[in-house]
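Novice: If you read the sequence shown in the UniProt record's numbering, its first letter stands for residue 16, the second for the next number, and so on.
Where is the CB? At the ideal position from N, CA and C, for every residue including glycine.
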Amino acid sequence: LEVEEWRRCAHQMVDFIADYYRDIATFPVRSQVEPGYLKALLPEAAPEDPEKLDDVLADVRTKILPGITHWQSPSFFAYYPSNGSTAGYLGEMLSGGLNVIGFSWISSPAATELETIVLDWLGKLLELPQQFLSCGGGSGVIQGTASEAVCVVLLAARRRSALKLMAQGILECEAFGKLSAYVSDQTHFCVQKAAQIAGVAANLRVIPTDSSTNFALSPSALRKALAEDIASGYTPFFLCGTVGTTSSAAVDPLGELGDIAQEHELWFHVDAAYAGNACICPENRHNLEGVDKADSYCMNPHKWLLCNFDCSTLWVKHPKFLTDALSTRPEVLRNKATDANAVVDLKDLQIPLGRRFRSLKLWFIMRLYGASGLRSYIRNHISAAKHLESLIIASDRFEMVVPRNFSLVCFRLKAHEDDSARGNTLNATLLEAVNIRGECFLTHTILDGVYTLRMAVGSTRTELQHVKDAWAIINHEADRLISIS
Ligand code: PLP
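Structure (structure tokens):
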């Protein structure tokens, strides 16, 4: 790396990205390429001789950008958002520039210490109980994704419970087969994957939900499943509650679930990947009531707190259970601070060894926006989503499928109750007609058999006008569809 050359190229790249943001509205939000499009455009092997950056960037413009779905477009309403911001980019750039691998404290003391500090800051903004913060014996640790977060806590919970069974004379290999875990049918599928990794998927109980609870997990259904398992000789060990489910942003009743978890000594994990971010606003904080009964809590600032991917923040009350499950002490990493147990080595709270200096971007974001800036950011999206909800409620032909939660609006074209299949086809056709235009991008879910359009308002640059524009497009396509059907 030659410094002046690096400076020149990096400036060129910044200009390229700035131009991309300037022109982002000119690209179709959802990529329109066909599968395999890129193979036909690129050579079969790497170049033997160095090429020029200008030539590579020209290829990015003509060959890569067409295959990009523009998550940073203000008219991106699909899935859940993936935020980016000036502060987030600056932190990300600095992290890439310093390029340190902070697996242990000594491998870059600032990386470990800043992570602890910013997770305490963020935990305080969320009003998490002290036991999750460093001053209360807890620990915050940044994972790449909520999937990794649930995987590490599930492994910790599995070990904690397996040890209890082993103390009763049960062999370790048999213990895993006796453990049962509990989720709802709205829980993100990453818990299923974590259970597969942990070898406990066979006894993952998926509790059905329905519209009577707005798709939240019912405590009485959970109690019933627990009683059946206990009667059959299983040892319940893990429960995942969600604040803001992926389909419809349902909120599980944390307080009641937490009481059940404590009664049965379950590890209670709260997944608030998307909606947890909104809880930095006092008016949304009630959604986290009961989190004090949880063992672990996770949310993704990369979804909705201006943080460039990746940054999933996990807090645990008892980091010891994670380190018991994940810690290794190889000779090559030995050092005075670790040997003296004077530090946390964050490699012991995650699956990989290597880790990026991700706390920098959160630190930049919290400093450059301030808590007040972050709160008004969230409030703007929620208020735009409320506006959309009011338009849907006022409309003759659309209806809300579930009440809006946070900034997610779930709706559909009304259909005759006696012809639900036709209603589903009509809505699926409408969604495709909207997305193919390229001016905005929405996705769908199915709730209780009902094909539902989801509009998640949360991209960094989304303003009320983008929501109004998308609503006009949806109505225009609905007009066309109804006139030809
Ligand atoms: N949990 C919830 C509620 C989600 O909505 C998602 C993704 O949208 C996830 C977990 C998984 O997130 P990640 O991609 O960080 O693993």
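Any contact between the stretch 124-134 and the stretch 370-389? By contact I mean 3 or more CB pairs, one from each, below 8 Å.
Specialist: The answer is yes - the stretch 370-389 touches the stretch 124-134, with three or more Cβ pairs under 8 Å.
Novice: List the whole-angstrom C-beta distance separating Leu281 from Leu254, where the pair is believed to meet the contact cut-off of C-beta under 8 Å.
Specialist: Contact holds; Cβ gap of about 5 Å.
Novice: Just to confirm, are Leu406 and Ala471 a CB contact at a threshold of 7 Å?
Specialist: It is not a contact, given that the beta carbons lie outside the stated cut-off.
Novice: CB of Thr224 to nearest heavy atom of the ligand PLP: below 6 Å?
Specialist: No, Cβ of Thr224 sits at least 6 Å from all heavy atoms of the ligand PLP.
Novice: By Cβ distance, which residues of its chain are closer than 6 Å to Asn315, with the 5 residues on each side in sequence left out?
Specialist: Contacts found: Ala161, Ala288, Ser327.
Novice: Please name the residue in Ala357, Pro65, Gly453, Ser342 whose C-alpha comes closest to that of Pro367.
Specialist: Of Ala357, Pro65, Gly453, Ser342, the residue nearest in Cα terms is Ser342.
Novice: Which stretch, first to last residue, makes up the beta strand (DSSP E) that contains Leu329?
Specialist: First-last of the beta strand (DSSP E) with Leu329: 327-331.
Novice: Decide if the stretch 196-210 is in contact with the stretch 136-150; the criterion is three or more beta carbon pairs, one per stretch, under 8 Å apart.
Specialist: Not touching, per the Cβ criterion.
Novice: Which residues in the same chain have their Cβ closer than 7 Å to the Cβ of Ser176, if we skip the five residues on either side of it in sequence?
Specialist: Taken in chain order, the residues that qualify are Leu194, Thr250, Phe252.
Novice: Going residue by residue through the stretch 129-199, where are the continuous alpha helix (DSSP H) segments of at least 4 residues, counting only ones entirely within it?
Specialist: 161-182, 187-193, all fully within the stretch 129-199.
Novice: Is Asp267 closer than 7 Å to Gly256 when the C-beta atoms are compared?
Specialist: Their beta carbons are under 7 Å apart, which means Gly256 touches Asp267 by this criterion.
Novice: If you compare alpha carbons, which of Cys166, Thr475, Thr228, Leu80 is closest to Cys322?
Specialist: Comparing Cα-Cα distances from Cys322 to each of Cys166, Thr475, Thr228, Leu80, the minimum goes to Thr475.
Novice: In the DSSP assignment, find the unbroken alpha helix (DSSP H) run with Pro316 in it and report its ends.
Specialist: Counting along the chain, the alpha helix (DSSP H) containing Pro316 begins and ends at 316-319.
Novice: Which whole runs of the beta strand (DSSP E) in the stretch 394-454 are 3 residues long or more, in chain order?
Specialist: Complete beta strand (DSSP E) runs here, min 3: 413-415, 423-428.
Novice: Following a CB-centred definition, is Ala288 positioned closer than 6 Å to any heavy atom of the ligand PLP?
Specialist: Because some heavy atom of the ligand PLP lies under 6 Å away, the Cβ of Ala288 counts as near it: yes.
Novice: For Tyr35 and Arg174, I'd like the C-alpha separation in whole angstroms.
Specialist: Spanning the two alpha carbons is a distance of roughly 48 Å.
Novice: How many whole angstroms separate the CB atoms of Ser119 and Leu348, which I take to be in contact at a CB cut-off of 8 Å?
Specialist: Rounded, the Cβ-Cβ distance is 6 Å, consistent with contact.
Novice: Just to confirm, are Gln27 and Lys332 a CB contact at a threshold of 7 Å?
Specialist: For Gln27 and Lys332, no; Cβs fall outside 7 Å.
Novice: Between Thr160 and the ligand PLP, is the CB less than 6 Å from at least one heavy atom?
Specialist: Thr160 Cβ: within cutoff of the ligand PLP.
Novice: Between Asp30, Ile222, Leu496, His85, which has its C-alpha nearest Pro47's C-alpha?
Specialist: Per the sequence presented here, residue 47 reads as Gln, with Pro not at that position. The shortest Cα separation from Gln47 among Asp30, Ile222, Leu496, His85 belongs to His85.
Novice: State the CB to CB distance for the pair Leu479 and His402, rounded to an integer number of angstroms; the pair is presumed to be in contact (CB under 8 Å).
Specialist: Sure, about 6 Å apart at Cβ, within 8 Å.
Novice: For the putative contact between Phe421 and Ala293, defined by C-beta atoms under 8 Å, what is the C-beta separation to the nearest angstrom?
Specialist: Rounded, the Cβ-Cβ distance is 5 Å, consistent with contact.
Novice: Can you list, in chain order, the residues of its chain whose CB lies under 6 Å from that of Val168, leaving out five sequence neighbours each side?
Specialist: Contacts found: His284, Ser311.
Novice: As a quick exercise: from Leu72, Tyr94, Gly117, Leu143, pick the residue whose alpha carbon is nearest that of Leu468.
Specialist: Ranking the options by Cα distance to Leu468, first place goes to Tyr94.
Novice: So, Ala400 versus Arg419, is the Cβ gap smaller than 7 Å?
Specialist: Yes, the pair counts as a contact, with Cβ atoms nearer than the cut-off.
Novice: Determine whether the beta carbon atoms of Val306 and Leu269 lie at a separation below 7 Å.
Specialist: Yes, the pair counts as a contact, with Cβ atoms nearer than the cut-off.
Novice: Going by the C-beta, is His284 closer than 6 Å to any heavy atom of the ligand PLP?
Specialist: Because no heavy atom of the ligand PLP lies under 6 Å away, the Cβ of His284 does not count as near it: no.
Novice: Please report the distance separating the alpha-carbon of Gly214 from that of Phe191.
Specialist: Roughly 7 Å separates the two Cα atoms.
Novice: So what's Asp310 in DSSP terms, helix, strand or just coil?
Specialist: Three-state DSSP puts Asp310 in coil, outside helix and strand.
Novice: Residues bridged to Cys255 by DSSP?
Specialist: Per DSSP, His284.
Novice: What are the boundary residues of the alpha helix (DSSP H) that includes Arg37?
Specialist: Taken as a continuous stretch (DSSP letters only), the alpha helix (DSSP H) holding Arg37 covers 18-38.
Novice: By the 10 Å Cβ neighbour count, where 16 or more other Cβ atoms means buried, how is Ile461 classified, buried or exposed?
Specialist: Classification of Ile461: exposed, given that the 10 Å Cβ count is below 16.
Novice: Quick test of the definition: if touching needs 3 or more C-beta pairs under 8 Å, does the stretch 446-459 touch the stretch 482-497?
Specialist: With a cut-off of 8 Å, the stretch 482-497 and the stretch 446-459 count as touching, because enough Cβ pairs lie within range.
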